[in-house]
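Enquirer: One structure is given below, represented as structure tokens, and several questions about it will come after.
Numbering (my numbering), first residue to last: -4 to 155.
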């Protein structure tokens, strides 16, 4: 997907907003967990795992990834949906490389999948922003170190 930096940031912003608005309520998660435990069908497990993949709780997101990956390995028929849920959970956990990787796997076979495209772009933007933050922090840290050395030399020279 070739788009301008601003368009990519807009895609990320919209995805972040969508995910924030779709966070499941605790009562919904409890209901789905109960259904999953009582029926233990792949569909019940998927519904629970997919809801967990939009949670705001890191342990729930990690559990969603585990459940969705086990459904994928067992040959669950809705593979793309499992992968979307997994990519969402990785994204919300700020595991952008993994989120991008899963989204790319979806796009290889289904290039028209809009949500996978959004997850892919948003993950790439998030990784770039993370890298920019690291570079700025290193630059600020380096500048402070040079200033501290200069100040130490200046103060050390005055004592003589």
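Every residue, glycine too, gets a C-beta built ideally from N, C-alpha and C. As the structure is a prediction and not an experimental result, all values here were calculated from the model.
Once the 5 residues before and after residue 85 are set aside, which same chain residues still bring their CB inside 6 Å of it?
Expert: Here residue 85 corresponds to residue number 90 of the chain shown, with the count starting at 1. Only 93 and 94 meet the Cβ criterion.
Enquirer: How would you call residue 81, buried or exposed, if buried means at least 16 neighbouring beta carbons within 10 angstroms?
Expert: Taking the first residue of the chain shown as position 1, residue 81 is located at position 86. Classification for residue 81: buried.
Enquirer: Less than 7 Å between the C-beta atoms of residue 109 and residue 101, yes or no?
Expert: What you label residue 109 is simply residue 114 of the chain shown in a count that begins at 1. What you label residue 101 is simply residue 106 of the chain shown in a count that begins at 1. No. Outside cutoff.
Enquirer: Assuming residue 25 is part of the alpha helix (DSSP H), what are its boundary residues?
Expert: Counting from one through the chain shown, the residue named residue 25 turns up at place 30. Unbroken alpha helix (DSSP H) run through residue 25: 21 to 34.
Enquirer: Determine, using beta carbons only, whether residue 50 comes closer than 7 Å to chain C.
Expert: Among the chains in the structure shown there is no chain C, since it carries only a single protein chain.
Enquirer: Report the option in 138, 114, 145 and 125 whose CA atom is closest to the CA atom of residue 8.
Expert: Numbered from its first residue, the chain shown carries residue 8 at position 13. When each option's Cα is compared against that of residue 8, the closest is 114.
Enquirer: Considering only the beta carbon of each residue, do residue 71 and residue 37 sit closer than 7 Å?
Expert: Along the chain shown, one-based indexing puts residue 71 at 76. Along the chain shown, one-based indexing puts residue 37 at 42. Yes.
Enquirer: For the ligand SAH, is there any heavy atom lying closer than 6 Å to the beta carbon of residue 49?
Expert: This structure lacks the ligand SAH, and indeed carries no ligand of any kind.
Enquirer: Can you round the beta-carbon distance between residue 59 and residue 50 to whole angstroms, since I take them to be within the 8 Å contact cut?
Expert: Taking the chain shown and counting its residues from 1, the one referred to as residue 59 is at position 64. Taking the chain shown and counting its residues from 1, the one referred to as residue 50 is at position 55. Confirmed, about 7 Å.
Enquirer: Within 10 Å of its beta-carbon, does residue 48 have 16 or more other beta-carbons around it, so buried, or fewer, so exposed?
Expert: Taking the first residue of the chain shown as 1, we reach residue 48 at position 53. Buried is the call here.
Enquirer: Assuming residue 83 and residue 14 form a contact by the criterion Cβ under 8 Å, report the distance between their Cβ atoms to the nearest whole angstrom.
Expert: Position 88 of the chain shown, counted from the first residue, corresponds to residue 83. Position 19 of the chain shown, counted from the first residue, corresponds to residue 14. Indeed, because the Cβ distance is near 7 Å, the residues count as touching under 8 Å.
Enquirer: Less than 7 Å between C-beta atoms, sequence neighbours within five positions excluded: which residues of the same chain meet that for residue 158?
Expert: Since the first residue shown for the chain is -4 and the last is 155, residue 158 is missing from the structure and cannot be characterised.
Enquirer: Closest to residue 159 by C-alpha separation, out of 124, 151 and 141, would be which residue?
Expert: In the structure as shown, the chain starts at -4 and stops at 155, and residue 159 therefore has no counterpart that could be examined.
Enquirer: To test your reading of the DSSP string, which unbroken alpha helix (DSSP H) runs of 4 or more residues are found completely within the region 43 to 118?
Expert: Qualifying alpha helix (DSSP H) stretches, in chain order: 53 to 68, 74 to 87 and 91 to 104.
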